[in-house]
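Here's the structure, in structure tokens; my notes come after.
There are 2 protein chains.
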Amino acid sequence: MQIVIEHSRKDIHNSDIPVVCAACEARHGGVCGTLTPRQLTELSRHAARRRVEPGGEMIGQGEAANNYANIIRGVVKLSKMLSDGRQQIVGLQFAPDFMGRPFMRESALSAEAATDTDVCAFPRAVIERLVAEAPGLEHRLHQQALKELDEARDWMLTLGRKTAQEKVASFLYLIATHVDPENGVAKEFDLPLSRADIADYLGLTIETVSRQITKLRKEGVIRVDNSRRVSVPDSRRLMRHAGIDC
Amino acid sequence: MQIVIEHSRKDIHNSDIPVVCAACEARHGGVCGTLTPRQLTELSRHAARRRVEPGGEMIGQGEAANNYANIIRGVVKLSKMLSDGRQQIVGLQFAPDFMGRPFMRESALSAEAATDTDVCAFPRAVIERLVAEAPGLEHRLHQQALKELDEARDWMLTLGRKTAQEKVASFLYLIATHVDPENGVAKEFDLPLSRADIADYLGLTIETVSRQITKLRKEGVIRVDNSRRVSVPDSRRLMRHAGIDC
DNA sequence: CGCGGCTTTTGATCTTGATCAAATGATCGC
DNA sequence: GCGATCATTTGATCAAGATCAAAAGCCGCG
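So the protein lines, in turn, are chains A and B. Position in the first sequence (first residue = 1) + 22 = the numbering used here. Position in the second sequence (first residue = 1) + 22 = the numbering used here.
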């Protein structure tokens, strides 16, 4: 009994938590939040911080996925490719999302950094061992899978039924709501994706994306400082252009 | 100790399993497979078989989702709608899939029977109670969520980057591989969806779907006996038309 | 500064799939 | 079996977005 109390006190004072973790931005948001100090130590012993440059491939389609990771900073594109090179981005992961595929040996997607990205990576065996002993961890992973499923289905509606204009507005709205998720819709932000990436996310061509951005700018829905920096004076108006009822 | 042995013997002989469950086609495939006889009894006391006709709405977009269900027979469409009526089917569920959204009070989708469908429905409170006590159950639900996520992402590639021809071929291939999942690709089958539904699944119009089916028929990739019944002499050829490398 | 290699924008034209319209085919009640 | 109704196919035209082409910006670097 005394040991239990001792443990919980240590948890509160963080004295048992590995130094790297105590300072980690994803400490509470990622998978780590549900772990005990003991488990966190176990995980951190096999974990490694890595920095990835924009365009850096983290895992290729069809490759063995032996690593899992928490995104500490940056945006990662998940994409699928047809044999003739046509590409579709099927998901964007923002910090502090967890990346990786529990209980599956090979990836059907490729993951590539869109921006400068920091991840905390660890081998699949470790996370699977922890899942077996920590009941809350699988719940956390399950919740993230459901969140990603919702996002994927929202995007299917965008891909299948929206016009080019609505698609581009939907993308801008998505970014505005994700750059700083705590603070609602950002008024001004940098696009983490190039025009080519945006096109691959929206199922359009670069030219169409560019034209629609120009159109939104001319209509005063957005302001474009340079090709990456965008401001949104009225997020409601952007939503309406995105076909989102508000 | 004796009690445990007694229980496992009863399980083997099914004597503790509710009559409805013992005869249930989804007994092993759905959520039920991981439950103990005791839990199965608990679940079945609150469960009700329901038959739903094609077009019957099971849960509307934005409604409270107070029921969960196993699909015993049939195909269910999950769809999303824009405020102006444009619709996108974002998933098809085949028996013995589990339907419902753990830990979320309201549905962002509507679920509607595509064919004659039998479900075994039970209140959300019961399943959530069982999840808390049966560790294997959440794992099963997690696996299904990941499977649906994979399917959603595959379909995003189809929606965003494939031609109308490839989309229709992809749909036919999907159905061929799902009508009788045990036996690989079916050579002949009934389409569970109308042309309008297929269009809503593929992000196309009814007319385009019809024209592409006609085209595939004229090219000898498929045979069409009546509008619902299709045969596929060479599944590899269908795959190639679907843009799937094989 | 000015050059070479990028990404992005803009322009002209073409193609795919949408739209509008009508004919054909299936199904059901009577 | 016979209309009525609904689903599907087929046809003619249109338009959104793709494609092809070139110009304009935007660096980093000598």
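Cβ coordinates follow ideal geometry from the N, Cα and C atoms, glycine included. Quick caveat: nothing in here was measured; it's all calculated off a predicted structure.
When the Cα atoms are used, A:Ala167 and B:Ser105 turn out to be separated by approximately 27 Å. Per DSSP, the beta bridge partners of A:Gly113 are A:Leu100.
Spanning the alpha carbons of A:Leu152 and A:Pro145 requires a straight line of approximately 11 Å. Less than 7 Å separates the beta-carbon of B:Asn92 from that of B:Phe120. With a threshold of 16 other beta carbon atoms within 10 Å, B:Asp222 meets it and is buried. Between A:Met178 and B:Gln110, the CB-CB gap stays under 7 Å. From the listed residues B:Glu204, B:Tyr195 and B:Ile228, the smallest Cα separation to B:Asp212 is found for B:Tyr195. In this structure, A:Arg245 is the residue among A:Pro59, A:Glu134 and A:Arg245 with its C-alpha nearest to the C-alpha of A:Leu260. As for any alpha helix (DSSP H) of minimum length 4 sitting wholly inside the segment 134-182 of chain B, the runs are 146-155, ordered along the chain. A Cβ-Cβ contact shorter than 7 Å links B:Gly225 with B:Leu181.
With 16 or more other Cβ atoms from the protein chains shown falling within 10 Å of its own Cβ, B:Arg175 counts as buried.
According to DSSP, A:Glu79 shares a beta bridge with A:Glu134.
Residue pairing from DSSP places A:Ser253 in a beta bridge opposite A:Glu210 and A:Arg245. The shortest CA-to-CA distance from B:Thr56 to any of B:Ala136, B:Asn248, B:Ala147 and B:His161 is the one to B:His161. Where B:Arg72 is concerned, the enclosing beta strand (DSSP E) starts and stops at Ala70 to Val74.
Interface annotation, B:Arg108: in contact with chain A, CB-CB separation under 7 Å. Residues of the segment 146-180 of chain B that bring their beta carbon within less than 8 Å of a beta carbon in chain A comprise Pro157, Glu160, His161, Leu163, His164, Gln165, Ala167, Leu168, Glu170, Leu171, Asp172, Ala174, Arg175, Asp176, Trp177, Met178 and Leu179, in sequence order.
Residue range Asn89 to Arg95 is occupied by the beta strand (DSSP E) that includes A:Ile94.
Your pair B:Val98 and B:Ala136 checks out as a contact, with CB atoms roughly 6 Å apart and the cut at 8 Å.
Secondary structure note for B:Ala221: its alpha helix (DSSP H) is the uninterrupted segment Arg217 to Leu224. The beta-carbon separation of B:Asn89 and B:Ala130, rounded to 16 Å, does not stay under the 8 Å limit for a contact. Separation of the CB atoms of A:Val148 and A:His68 is rounded to 5 Å, and the pair is thereby assigned contact status at 8 Å. Interface annotation, B:Leu104: in contact with chain A, CB-CB separation under 7 Å. For A:Gly51, the nearest beta carbon of chain B is not closer than 7 Å to its own beta carbon. B:Gly78 has a beta carbon lying at 7 Å or more from every beta carbon in chain A.
The beta carbons of B:Pro40 and B:Thr58 sit no closer together than 7 Å. Counting only Cβ-Cβ distances below 9 Å, A:Arg262 has no contacts in chain B at all, with the closest Cβ about 10 Å away.
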